[in-house]
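K.L.:
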Amino acid sequence: MITEFTPIQGLLGGGLIGLAAVLLMAGLGRIAGISGIFSGLLNAKLFSAGNEQTWRIYFIGGLLIGAALFGSIVSVDVAFISSWPLLVIAGLLVGAGTQLGSGCTSGHGVCGMARLSRRSVTATLVFMLTAIIVVYFVRHIFAIT
Amino acid sequence: MKHLLALTAGFSMGVGLSLSGMINPAKVINFLDFAGSWDSTLIAVMGSALATTFLGYRFILNREKPLFDERFHVPTRNDLDGSLIFGAVLFGTGWGIAGFCPGPAIAALTTLNPEPFVFVAAMASGMIVTRALSTATQHRKSLQ
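Line by line, the protein sequences are chains A and B.
113 is the number that my numbering gives to position 113 of the first sequence; each next residue is one higher, with no gaps.
Basically my numbering = 1-based index in the second sequence + 1000.
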């Protein structure tokens, strides 16, 4: 599956991702790490009175509205290449891994790296290298989708 | 105001992930695949996001506190433990298999294709199970 190199959209989109991180830190003092924000939503006490965590709902809501609005104006190329069993395995690994490792591409890769956090720089290098090795095995050695 | 700001930040993140093409798993896999049809767009996305955040944080974190909270909720740990490394390995494995990480997968739900729903449901399950297991482990340690 060939995809086109799109540097202008990449730079602009990346700038908006950075802007989101800057806004959330300036206003709420929070790291814009999606795995952390999303896992905070999976909490039975989320809606109890006086809960300080409801901003998470607004953030994820805004993310969905932004993506939906963009997708309704511009046609977005999306190609899902994995079978359902692989999606389930990958989802479980990403869920477990981001909990144990305290972050994902946004939390460690963008926010943590921008703070020059030793833990985040290490985590980012480890998950990038792991992913590159895994893609090589999955796509070329075993050739499974 | 606090919630409006969270909504705006989320909106910017959602548009950014879509515009940059990161909600397309094929594009992410092609970045990670040096032996295939390499697409280096992710470098532009990551570089631009990092530069913006780095500059923004310079100004913000010098302030006493954020606009709508009493303090900055920034991690202070600096040690490299097994959990961080093992977690990053598991996450990298899942990311490499499907080309989805949490932000793009959630944004891709808006395409209404079944694939991101399958992925996000599995991801949520993985988070809940891992959290329950680590709470149980900590509880056992505290009893010893």
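Beta carbons: idealized from backbone N, C-alpha and C, even for Gly.
Note that the structure is predicted; figures quoted are calculated from it, not measured.
Rounded to whole angstroms, what's the CA-CA distance from Ala-44 of chain A to Leu-23 of chain A? Just pull it up for me.
P.N.:
About 27 Å.
K.L.:
So is Glu-1064 of chain B in contact with chain A if we call contact Cβ pairs under 8 Å?
P.N.:
So, not an interface residue.
K.L.:
May I have a chain-ordered list of the alpha helix (DSSP H) segments no shorter than 4 residues that lie completely inside the segment 41 to 91 of chain A?
P.N.:
If we require 4 residues or more, the alpha helix (DSSP H) runs fully inside the segment 41 to 91 of chain A come out as 55 to 73.
K.L.:
Which residue from A:Ser-48, A:Glu-52, A:Ile-141, A:Gly-62 puts its Cα closest to that of Ile-34 of chain A?
P.N.:
Nearest option by C-alpha distance: A:Gly-62.
K.L.:
State buried or exposed for His-152 of chain A, treating a residue as buried only when at least 16 other CB atoms are found within 10 Å of its CB.
P.N.:
The first residue shown for chain A is 1 and the last is 145, placing residue 152 of chain A beyond what the model contains.
K.L.:
Can you tell me whether Thr-1027 of chain B is buried or exposed? The criterion is at least 16 other CB atoms within 10 Å of its CB, across all chains shown.
P.N.:
Per the sequence shown, residue 1027 of chain B should be read as Lys rather than Thr. Under this definition Lys-1027 of chain B is a buried residue.
K.L.:
For Cys-1101 of chain B, does the three-state DSSP call read helix, strand or coil?
P.N.:
Coil.
K.L.:
Assuming Gly-1016 of chain B contacts Ala-20 of chain A (C-beta within less than 8 Å), just tell me the rounded distance between them.
P.N.:
Right, the Cβ-Cβ distance comes to about 6 Å (below 8 Å), so this counts as a contact.
K.L.:
Distance, Cα to Cα, Met-1013 of chain B vs Thr-1137 of chain B?
P.N.:
In a straight line, the C-alpha of Met-1013 of chain B is about 35 Å away from that of Thr-1137 of chain B.
K.L.:
Give me the Cα-Cα distance between Ser-82 of chain A and Val-1118 of chain B, rounded to the nearest whole angstrom.
P.N.:
So the two alpha carbons sit approximately 11 Å from each other.
K.L.:
For Ile-132 of chain A and Arg-1063 of chain B, what's the separation of their Cα atoms in angstroms?
P.N.:
Between Ile-132 of chain A and Arg-1063 of chain B, the C-alpha separation is close to 39 Å.
K.L.:
Taking Cβ to Cβ, would you say Ala-1006 of chain B is nearer than 8 Å to Leu-28 of chain A?
P.N.:
Cβ atoms of Ala-1006 of chain B and Leu-28 of chain A: closer than 8 Å.
K.L.:
Can you give me, in chain order, the residues of the segment 39 to 60 of chain A that have a beta carbon less than 8 Å from any beta carbon in chain B?
P.N.:
Under the 8 Å Cβ criterion, the segment 39 to 60 of chain A contributes Ser-39, Leu-42, Thr-54, Trp-55, Arg-56, Tyr-58, Phe-59, Ile-60.
K.L.:
Within the 8 Å Cβ cut-off, does His-1139 of chain B reach chain A?
P.N.:
No, no contact with chain A.
K.L.:
Reducing DSSP to helix, strand and coil, say where Cys-111 of chain A ends up.
P.N.:
Here Cys-111 of chain A sits in helix by DSSP.
K.L.:
With 16 other CB atoms within 10 Å as the buried threshold, where does Arg-139 of chain A fall?
P.N.:
That one is buried.
K.L.:
Any beta-carbon of chain B closer than 8 Å to the one on Val-88 of chain A?
P.N.:
Output row for Val-88 of chain A: interface = yes.
K.L.:
Closer than 8 Å, Cβ to any Cβ of chain B: which residues of the segment 6 to 30 of chain A, in chain order?
P.N.:
Under the 8 Å Cβ criterion, the segment 6 to 30 of chain A contributes Thr-6, Pro-7, Gln-9, Gly-10, Leu-11, Leu-12, Gly-13, Gly-14, Gly-15, Leu-16, Ile-17, Gly-18, Leu-19, Ala-20, Ala-21, Val-22, Leu-23, Leu-24, Met-25, Ala-26, Gly-27, Leu-28, Gly-29, Arg-30.
K.L.:
Does DSSP put Phe-1034 of chain B in a helix, a strand or coil?
P.N.:
Correct three-state label for Phe-1034 of chain B: coil.
K.L.:
Could you give the first and the last residue of the continuous alpha helix (DSSP H) run that contains Arg-118 of chain A?
P.N.:
Per DSSP, Arg-118 of chain A belongs to the alpha helix (DSSP H) from 118 to 135.
K.L.:
Would you mind telling me which residues of chain A sit closer than 8 Å to Ala-1136 of chain B, beta carbon to beta carbon, in chain order?
P.N.:
Near Ala-1136 of chain B there are no residues of chain A at all, since even the closest Cβ is about 14 Å away, more than 8 Å.
K.L.:
Check each candidate in A:Ile-144, A:Thr-105, A:Ala-114 and name the one with the smallest Cα separation from Val-126 of chain A.
P.N.:
It is A:Thr-105 whose Cα lies nearest to the Cα of Val-126 of chain A.
K.L.:
Quick check on the DSSP output: what are the complete alpha helix (DSSP H) runs of length 4 or more inside the segment 1003 to 1035 of chain B, in order along the chain?
P.N.:
Whole alpha helix (DSSP H) segments, 4+ residues: 1025 to 1032.
K.L.:
Taking the straight line between their C-alpha atoms, what separation do you get for Gly-13 of chain A and Leu-1080 of chain B?
P.N.:
Those two C-alpha atoms are separated by around 31 Å.
K.L.:
Cβ atoms of Ser-1018 of chain B and Ala-1107 of chain B: under 8 Å apart, would you say?
P.N.:
Cβ atoms of Ala-1107 of chain B and Ser-1018 of chain B: closer than 8 Å.
K.L.:
To the nearest whole angstrom, what separates the beta carbons of Val-94 of chain A and Phe-1091 of chain B, a pair I think is in contact under 8 Å?
P.N.:
Yes, Val-94 of chain A and Phe-1091 of chain B are in contact; Cβ-Cβ is about 6 Å, under 8 Å.
K.L.:
Count the other C-beta atoms from every protein chain shown that fall within 10 angstroms of the C-beta of Thr-1076 of chain B, then say buried if there are 16 or more, exposed otherwise.
P.N.:
That one is exposed.
K.L.:
So for Glu-1073 of chain B, helix, strand or coil by DSSP?
P.N.:
What sits at residue 1073 of chain B in the sequence shown is His, not Glu. In this structure, His-1073 of chain B counts as coil in the three-state DSSP scheme.
K.L.:
Out of A:Ser-102, A:Leu-69, A:Ile-17, point me to the one whose CA is closest to Ser-1083 of chain B's CA.
P.N.:
The shortest C-alpha separation from Ser-1083 of chain B is found at A:Ser-102.
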